Amino acid sequence: MASLTIRKLDDAVKTYLRLRSAKNRRSVEEEVRVILRELIEGREEPLTPFSAPPAPSSAPTPQRTGALPEASVTLIIGGGIAAYKSLDLIRRLKERRVEVRCVLTKAAQQFVTPLAVSALSHERIYTDLFDPQSEFDAGHIRLARDCDLIVVAPATADLMAKMANGHADDLASAILLATNRKILLAPAMNPLMWNNAATRRNVAQLQRDGVVLIGPNSGEMAEAGEAGVGRMSEAIEIANAAERLLRPPVPKPLAGKRVLITAGPTHEPIDPVRYIANRSSGKQGFAIAAAAQAAGAEVILVSGPVDLDDPAGVTVKHVESARQMLEQVQAALPADIAIFAAAVADWRVANEGEQKLKKTAAGMPPLQLVENPDILATISKLADKRPPLVIGFAAETEHLIDNAKSKLARKGCDWIVANDVSPATGVMGGDRNTVHLISRKSGEIAVDSWPVMTKEQVAIELVAHIARSVTDKSLEPAS
Ligand code: C5P
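The sequence shown begins at 295 in the numbering used here and counts up one residue at a time.
In structure tokens, the structure reads:
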């Protein structure tokens with residue numbers, strides 16, 4: 295009979311299985327069995343992905359949103375009085391949308407019951423290295439690897455000694471030896487045991503091996519009248535440490551930087567009901583604003599009329615015309631970085647009608663156009679408040695690179711992001727973009743051509759370049 299290694303399935307299938315098994319409160323293996331049975335019985339559920347598994351009705355409402363990816367933890371509960379806190383830890387992990395599969399050592403079962411652990415984790419629990427009931431063909435190997443993190447709480451002096459020396463004579467120590475996942479230990483023991491030379495050696499060895507420790511804290515011991523370092527960290531501290539390992543904080547390379555961005559088209563009024571516009575959707579500028587915000591920057595987005603939601607955490611100034619856009623840009627200075635992604639109308643109507651223009655027998659009313667202020671050039675040439683890095687966009691339908699290079703010189707900016715907007719490319723209003731980053735490097739003009747990407751990916755790449763230029767002097771603008 296063939297055996298199936300869940301770990302080896304592709305990510306989409308694994309995610310589907312995890313979400314579906316969490317939803318149905320079954321282990322992944324049980325879920326696979328159910329799917330196979332249903333298939334054979336001809337009543338399979340459609341394989342459509344879930345956006346997020348609904349919380350079990352008896353479980354507390356999750357504090358986090360479904361946006362966070364699913365993760366799974368194998369929780370090894372060691373034998374100590376602090377084991378009661380592991381029950382709260384299961385709840386805290388599940389609140390963070392983490393699946394928890396529990397292993398109890400023999401000693402742990404003296405402190406918490408398998409029934410309580412199983413009820414809280416909504417999973418069967420594991421206790422024996424040789425378990426005829428186990429649905430796994432090599433239980434300890436699966437428990438060691440079919441998870442994203444192993445947490446040991448409480449980590450007793452004995453369990454840590456076994457780990458440090460590579461023992462594998464019970465299920466818990468065999469899992470810890472067989473795993474290639476990160477391990478988080480929450481030690482709990484009497485202060486004398488914690489300070490014992492043997493434990494000190496074991497802790498040092500485990501840290502050298504890359505094991506992460508949380509605590510122990512200092513405080514009162516269960517033993518009357520004893521106090522010191524040895525109390526297990528609180529469940530919330532362990533859950534937070536686990537979450538940091540499962541979902542490391544995103545680096546914020548633009549923290550402390552103020553980024554000013556223009557986006558979208560401008561509308562230049564002809565009369566109170568008509569205007570001159572262009573086909574810009576604002577998607578690229580909005581994606582850059584979101585990426586800069588995610589990179590930790592304070593972002594001010596000056597946007598022309600678009601059909602997009604304001605990016606979260608970004609200050610958005612909505613404008614109509616080029617002159618209003620310039621006004622808001624000037625008001626937003628000083629900034630460390632300015633990115634002019636707006637498709638600003640080059641001209642506006644000089645003789646804007648106060649009332650709606652009427653058709654007359656004399657034919658079409660003449661429209662006189664005057665040039666709009668060039669926002670990019672104006673800001674690039676500022677003597678006092680010029681941002682240290684000014685980036686323009688060049689949307690061209692022909693001679694893309696040459697036009698972009700001459701724009702770099704003419705406008706006085708530091709970088710130009712050039713993109714081909716001929717109708718065949720579908721860039722205007724579309725979701726993908728092919729761009730070339732034109733900059734000055736050691737007096738020369740450098741062209742860096744990027745592959746076709748979504749506008750979000752272009753934004754992330756541009757922000758990564760900006761972040762590098764902030765730290766790497768060789769990429770700094772030459773001006
Ligand atoms: O001259 P052109 O419109 O092709 O230049 C494009 C770049 O200049 C873009 O970065 C655009 O946002 C900026 N621009 C501007 N004000 C204008 C015209 C263009 O900021 N009036």
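Where is the CB? At the ideal position from N, CA and C, for every residue including glycine. Computed from a predicted structure; not experimentally measured.
Same chain, Cβ closer than 7 Å to residue i, neighbours up to 5 away in sequence not counted
i, result
"LEU414", "LEU381, ILE384 and ARG385"
"VAL567", "LYS650"
"GLY513", "ALA521 and ARG525"
"GLY686", "PHE634, LEU670, LYS701, LYS705, CYS707 and ILE710"
"VAL729", "VAL711, ALA712, ASN713, TRP744 and VAL752"
"ALA458", "ASN496, GLN499 and LEU500"
"ASN511", "ARG525 and SER527"
"GLY607", "GLN587"
"TYR569", "HIS561, GLU562 and PRO563"
"ILE375", "PHE405 and ALA516"
"ALA761", "PRO547, LEU548 and ALA589"
"VAL307", "none"
Residues near residue i in its chain [Cβ-Cβ closer than 6 Å; skip 5 each side]
i, result
"VAL757", "ALA585, ALA586 and ALA589"
"ALA462", "ALA468 and LEU471"
"ALA698", "ALA688, ILE710, ALA712 and ILE732"
"HIS759", "none"
"GLU528", "none"
"THR368", "ARG395, LEU437, CYS441 and ILE444"
"THR359", "Low confidence applies to THR359: its pLDDT is 35, below 50, so where it sits in the model is not reliable enough to give any reading."
"LEU602", "GLY576 and PHE580"
"ALA591", "LEU548, LYS551 and VAL553"
"ILE477", "ILE444 and VAL505"
"ALA365", "VAL392, ASP442 and LEU540"
N-terminal and C-terminal residue of the alpha helix (DSSP H) that residue i is part of
i, result
"LYS705", "694–705"
"ILE532", "529–540"
"VAL567", "From DSSP, VAL567 is part of no alpha helix (DSSP H); its letter is neither H nor E."
"LYS302", "Here LYS302 belongs to no alpha helix (DSSP H), and DSSP marks it neither H nor E."
"HIS461", "Where HIS461 is concerned, there is no enclosing alpha helix (DSSP H), given that its DSSP letter is neither H nor E."
"ALA761", "749–765"
"SER733", "Run containing SER733: none in the alpha helix (DSSP H); it sits in the beta strand (DSSP E), 729–735."
"LEU485", "Note that residue 485 is Pro in the sequence shown, not Leu. 485–489 is the extent of the alpha helix (DSSP H) around PRO485."
"LEU414", "408–415"
"ARG617", "616–626"
"SER674", "669–674"
Limits of the unbroken beta strand (DSSP E) element including residue i
i, result
"ARG552", "552–557"
"LEU383", "Unbroken run through LEU383 is the alpha helix (DSSP H), 377–389; no beta strand (DSSP E)."
"ALA581", "Per DSSP, ALA581 belongs to no beta strand (DSSP E); it is in the alpha helix (DSSP H), 577–588."
"ILE685", "683–690"
"ASP714", "709–714"
"PRO395", "Looking at the sequence shown, residue 395 is not Pro but Arg. ARG395 -> beta strand (DSSP E) spans 392–398."
"ALA743", "First, the amino acid is wrong: residue 743 is Ser here, not Ala. Unbroken beta strand (DSSP E) run through SER743: 738–743."
"VAL610", "609–612"
"ARG642", "641–643"
"VAL638", "Looking at the DSSP string, VAL638 is not in any beta strand (DSSP E), and its letter there is neither H nor E."
"THR368", "365–371"
"SER512", "511–514"
"ILE508", "No beta strand (DSSP E) contains ILE508, which DSSP labels as neither H nor E."
"GLU665", "663–665"
"LYS260", "This structure leaves residue 260 out entirely; the chain is present only between 295 and 773."
Neighbourhood of residue i by C-beta distance below 8 Å, restricted to the same chain and skipping five residues each side
i, result
"ALA626", "LEU554, ILE594, VAL596 and LYS611"
"ASP304", "none"
"GLN662", "VAL643, ALA644 and ASN645"
"ALA410", "LEU381"
"GLY720", "ARG726"
"MET487", "ALA451, THR493 and GLY524"
"LYS652", "none"
"ILE435", "ALA472"
"GLN622", "VAL596, LYS611 and VAL613"
Neighbour flag for residue i against chain B, beta carbons, 7 Å
i, result
"VAL397", "Included in the structure is just one protein chain, with no chain B present."
Original post:
Which residues, in chain order, sit with a beta-carbon under 5 Å away from any heavy atom of the ligand C5P?
Top reply: Spelled out in chain order, the answer is PHE634, ALA636, VAL638, ASN666, ASP668, ILE669, LEU670, GLY686 and PHE687.
Original post:
Between the region 556–567 and the region 522–529, do three or more beta carbon pairs fall short of 8 Å?
Top reply: Between the region 556–567 and the region 522–529, the count of Cβ pairs shorter than 8 Å is below three; the stretches do not touch.
**OP:** State whether the region 478–487 contacts the region 443–457, with contact taken as three or more CB pairs (one from each stretch) at a distance under 8 Å.
**Re:** With the cut-off at 8 Å, the region 478–487 and the region 443–457 touch.
Subject >> Three CB pairs or more closer than 8 Å across the region 644–659 and the region 681–695 >> reply: Touching, no, given that fewer than three Cβ pairs across the two stretches are closer than 8 Å.
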